[in-house]
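Accompanying notes for the structure given below.
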Amino acid sequence: MTKLVLILLSVALCHSFPEEENNDPQGILFGGDILLTPEQKSIIEVGGDISQAGLLKTLRQKRAALSNSSILWLPNNKVVPWSITKQLENTAEATFGLMAAFREWEERSCLTFKRRTDEKDYIEFFQGSGCWSYLGRVGGLQNISLDDGCWGKGTIVHEIGHAMGFGHEQNRPDRDQYITIRWENIPESKKHNFRLYSNSLVDSLNSPYDYRSYMQYSKTAFGINDSVTLDPKLPGIFQLGQRVGFTEHDQYQAMQLYRCQGKTTRPTTFFPRYDLKGDYTCDFETDLCGFTHDKTATFEWAQIYGETPSRGTGPDSDHTTGRLGTYVYIEASYPQKKNDKARLKTKWFEKPLSAQCFSVFYNMFSRNASMVGEFNIYIDDTVTIKNIFSQSKSEPNNDWKNLLINIKPEGPYQVIFEGIIGNGWQGDIAIDDISITAGNCPTNIEISDNFSNDSNSCEDINDREAEYCRQWEQAGYCVSEEKTMKLYCRKTCNFC
11 MTKLVLILLS VALCHSFPEE ENNDPQGILF GGDILLTPEQ KSIIEVGGDI
61 SQAGLLKTLR QKRAALSNSS ILWLPNNKVV PWSITKQLEN TAEATFGLMA
111 AFREWEERSC LTFKRRTDEK DYIEFFQGSG CWSYLGRVGG LQNISLDDGC
161 WGKGTIVHEI GHAMGFGHEQ NRPDRDQYIT IRWENIPESK KHNFRLYSNS
211 LVDSLNSPYD YRSYMQYSKT AFGINDSVTL DPKLPGIFQL GQRVGFTEHD
261 QYQAMQLYRC QGKTTRPTTF FPRYDLKGDY TCDFETDLCG FTHDKTATFE
311 WAQIYGETPS RGTGPDSDHT TGRLGTYVYI EASYPQKKND KARLKTKWFE
361 KPLSAQCFSV FYNMFSRNAS MVGEFNIYID DTVTIKNIFS QSKSEPNNDW
411 KNLLINIKPE GPYQVIFEGI IGNGWQGDIA IDDISITAGN CPTNIEISDN
461 FSNDSNSCED INDREAEYCR QWEQAGYCVS EEKTMKLYCR KTCNFC
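Mapped onto the numbering used here, the consecutive letters of the sequence shown carry residue numbers 11 to 506.
Now the structure itself:
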């Protein structure tokens with residue numbers, strides 16, 4: 011299993027998050043995406059800290075040097091006023107990501123995000139160069155830059171995190187207990203982004219190191235030619251960070267820092283764990299279930315949690331948990347090219363005495379349908395290799411689809427999953443929650459949407475999202491983002 015994990019790390023998961031790709035030749039941005047005030051820079055120069063939980067402890071010690079009374083958004087009942095430039099507001103993808111990011115913060119903390127009227131201190135979102143933010147509440151207007159490529163919900167959640175006072179997980183003073191920094195793979199001009207600060211000047215709020223935090227950078231952050239720079243010391247960690255949303259530890263820190271007393275602004279959306287049943291099951295949550303890669307194929311399927319690295323293709327999360335569980339997928343981006351193939355084989359099963367029901371959840375979504383390749387499933391029963399499923403078109407939305415097939419192999423058998431690269435990088439294919447059960451497949455399947463509406467009425471949500479419903483509907487999100495649009499814009503999309 012160790013060898014397999016190492017292969018996955020080197021082949022498929024060397025992808026950076028958007029904020030790690032900022033063009034910052036002069037080194038103005040700290041950590042790649044934090045714009046410091048002059049006061050904050052001076053604190054760092056004399057040994058201060060901007061690690062997890064921001065400058066909270068440092069500012070308490072050095073408050074006389076600053077004009078701000080606090081970097082937290084505690085005044086005004088923990089309301090965070092915001093505005094958005096017209097250029098960015100007219101971009102449906104950007105506003106869709108922004109509203110989803112606000113909702114994530116309100117479901118995981120006691121903060122409220124409200125469009126600004128006349129408040130003095132507020133955040134303005136604009137399309138600048140790259141993804142970046144100030145650290146904490148700095149006073150007056152403060153920008154968050156969301157360039158093209160920064161409009162995913164998780165990326166915006168990350169940048170808002172900085173504005174709320176949180177730094178990067180990998181800058182924590184206890185980092186070296188959990189991460190090995192590969193200094194030889196980091197350009198000299200980027201090494202300051204990995205600076206480790208003293209334990210006496212940082213407040214991590216008694217939270218353990220979180221490899222999956224939305225504030226954690228990827229394994230290849232700032233690496234030369236995408237080489238590994240952050241190497242986890244704990245065995246079995248195949249991926250660092252994600253841009254889906256809060257982990258349990260992220261939420262704990264936000265609730266502690268903002269003194270939420272266990273209460274969130276919005277009820278948390280509930281994603282029930284899928285109850286996987288069968289004589290044989292695999293949900294990929296811990297390993298590859300004994301599956302093996304076909305060494306005659308061009309490349310390999312990869313294990314991942316969260317969304318796939320390429321925007322506009324693949325699922326937002328796994329099927330099992332609906333949030334931060336694990337699944338496997340093929341990455342259609344470089345170095346893969348058209349017609350490259352990846353094949354994943356199950357273990358060998360005994361010849362069944364009667365028919366069996368084979369079930370798998372798959373995702374073939376792409377906003378550019380012409381880029382989607384092909385997904386095949388074969389049964390090898392030592393007598394023949396039979397193709398039992400083939401699809402070469404994109405699904406209309408990024409929901410997981412359940413495939414149920416009655417099988418009756420003629421001998422001992424294994425199942426083979428084949429993914430073939432199409433015409434471009436927006437052609438990811440994913441699978442999750444596989445089961446094999448004795449007997450024929452059921453004919454009537456009850457499908458759950460895995461979310462609950464705020465209301466049963468046939469109205470768009472009566473808050474900030476509603477004003478964007480028509481814009482999103484015209485952009486095609488009623489189809490491609492069906493689950494979220496059912497939550498925000500059920501009337502505009504004619505869901506009721």
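Virtual Cβ for every residue (Gly too), placed ideally from N, Cα, C.
Predicted, not measured: the structure shown is a model, and the values here were computed from it.
| With E477 and T274 assumed to form a contact (beta carbons below 8 Å), what rounded beta-carbon distance in angstroms separates them? | Actually they do not touch by this definition, with Cβ atoms about 24 Å apart.
| Cutoff 8 Å; reference K96; Cβ partners in own chain excluding five residues on either side | If the five residues before and after K96 are omitted, its C-beta is found closer than 8 Å to no C-beta atom of its own chain.
| Supposed close pair S228, E30 - CB separation, criterion 8 Å | Right, the Cβ-Cβ distance comes to about 7 Å (below 8 Å), so this counts as a contact.
| message | At the level of alpha carbons, what is the spacing between F40 and H178? | response | One C-alpha to the other measures close to 10 Å.
| message | Please state the DSSP three-state secondary structure of A342. | response | Look at A342 here: in three-state DSSP terms it is coil, with no helix or strand label.
| request: Thinking Y221 and P242 are a contact (beta carbons under 8 Å), I'd like their distance in whole angstroms, please. | output: Rounded, the Cβ-Cβ distance is 6 Å, consistent with contact.
| query | Under a three-way DSSP split, which group does R70 fall into? | reply | Model confidence at R70 stands at a pLDDT of 42, short of 50, so the residue's coordinates are unreliable and nothing is read from them.
| message | Let me check understanding here. Comparing Cα to Cα, which of R321, R474, C451, G316 lies closest to D328? | response | Checking every option, the nearest Cα to that of D328 belongs to G316.
| DSSP three-state call for Q481: helix, strand or coil? | Of the three classes helix, strand and coil, the one that applies to Q481 here is helix, per DSSP.
| field | Whole-Å CB distance - I430 paired with N378, under 8 Å assumed | value | With a Cβ gap of about 16 Å, I430 and N378 do not count as contacting.
| request: With DSSP as the reference, label N378 as helix, strand or coil. | output: Correct three-state label for N378: coil.
| request: Use the C-beta contact count for V393: other C-beta atoms within 10 angstroms, 16 or more gives buried, fewer gives exposed. | output: Burial call: exposed.
| message | For N416, which residues in the same chain have their Cβ closer than 7 Å to its Cβ, ignoring the five residues on either side in sequence? | response | The beta carbon of N416 sits closer than 7 Å to those of A365, C367, N450, C451, all from its chain and outside the five residues before and after it, given in chain order.
| request: Note down, in chain order, each residue of its chain lying with its Cβ closer than 8 Å to the Cβ of D160, except the 5 sequence neighbours on either side. | output: It is Cys, not Asp, that sits at residue 160 in the sequence shown. Around C160: P28, E29, G140, C141, I166, E169.
| request: Find the nearest neighbour of K201 within the set F232, Y219, Q187, judged by alpha-carbon distance. | output: Nearest option by C-alpha distance: F232.
| query | Taking Cβ positions, are R253 and Y284 nearer each other than 8 Å? | reply | The beta carbons of R253 and Y284 sit no closer together than 8 Å.
| query | Ends of the alpha helix (DSSP H) at R118? | reply | For R118, the enclosing alpha helix (DSSP H) has its first and last residue at 102–118.
| query | What does a CB cutoff of less than 6 Å around E134 pick up in its chain, not counting 5 residues either side in sequence? | reply | Counting only Cβ-Cβ distances below 6 Å, and skipping sequence neighbours, we find S93, L151, N153.
| request: Note down, in chain order, each residue of its chain lying with its Cβ closer than 6 Å to the Cβ of N216, except the 5 sequence neighbours on either side. | output: In the same chain as N216, and ignoring 5 residues on each side of it, no C-beta atom comes closer than 6 Å to its own.
| query | Does the beta-carbon of V382 have 16 or more other beta-carbons within 10 angstroms, so that it is buried, or is it exposed? | reply | When all chains shown are included, V382 counts as buried.
| message | Could you tell me the alpha carbon to alpha carbon distance between G332 and S52, rounded to whole angstroms? | response | As the crow flies, the alpha-carbon of G332 is around 43 Å from that of S52.
| Is I166 helix, strand or coil by DSSP? | DSSP places I166 in helix when its eight states are reduced to three.
| said: So, under 8 Å CB-CB, V338 and I389 are touching, yes? Tell me the CB distance rounded to an integer number of Å. | reply: The Cβ separation is near 19 Å, so there is no contact.
| task | Could you give the DSSP three-state label for I38: helix, strand or coil? | result | In this structure, DSSP gives I38 a state outside helix and strand, which the three-state scheme calls coil.
| message | Looking only at its chain, what residues have a beta carbon closer than 6 Å to the beta carbon of G107, apart from the 5 residues adjacent to it on each side? | response | Non-local beta-carbon contacts of G107 in its own chain, meaning distances under 6 Å to residues more than five positions away in sequence, involve W161, G162, K163, I166 in chain order.
| request: Let me know the secondary structure DSSP gives R125 once reduced to three states. | output: Reduced to three states, the DSSP call for R125 is strand.
| query | Mapping DSSP to helix, strand and coil, what is D470? | reply | Judged by DSSP in its simplified three-state form, D470 adopts coil rather than helix or strand.
| task | Kindly indicate which three-state DSSP category A476 falls into: helix, strand or coil? | result | Helix at A476.
| To which residues of the same chain is E475 closer than 6 Å at the C-beta, ignoring the five residues directly before and after it? | Taking E475 as the centre and dropping the five residues before and after it, the same chain places the C-beta of M109, Y498 closer than 6 Å to its C-beta, in chain order.
| field | Span of the alpha helix (DSSP H), counted from its first residue to its last, around E492 | value | Start and end: 492–498.
| said: Please return the same chain residues whose Cβ sits closer than 7 Å to the Cβ of A104, not counting the five positions on each side in sequence. | reply: Answer for A104: L98, L156, W161, listed in chain order.
| said: Beta-carbon within less than 8 Å of G272's beta-carbon, same chain only, minus the 5 sequence neighbours each way: which residues are those? | reply: Same-chain partners within the cutoff: M265.
| field | Y221 - containing beta strand (DSSP E), residue span | value | No beta strand (DSSP E) holds Y221; DSSP gives it neither H nor E.
| query | Run through DSSP, which three-state label would P242 get? | reply | Shown here, P242 sits in a strand according to DSSP, grouped into three states.
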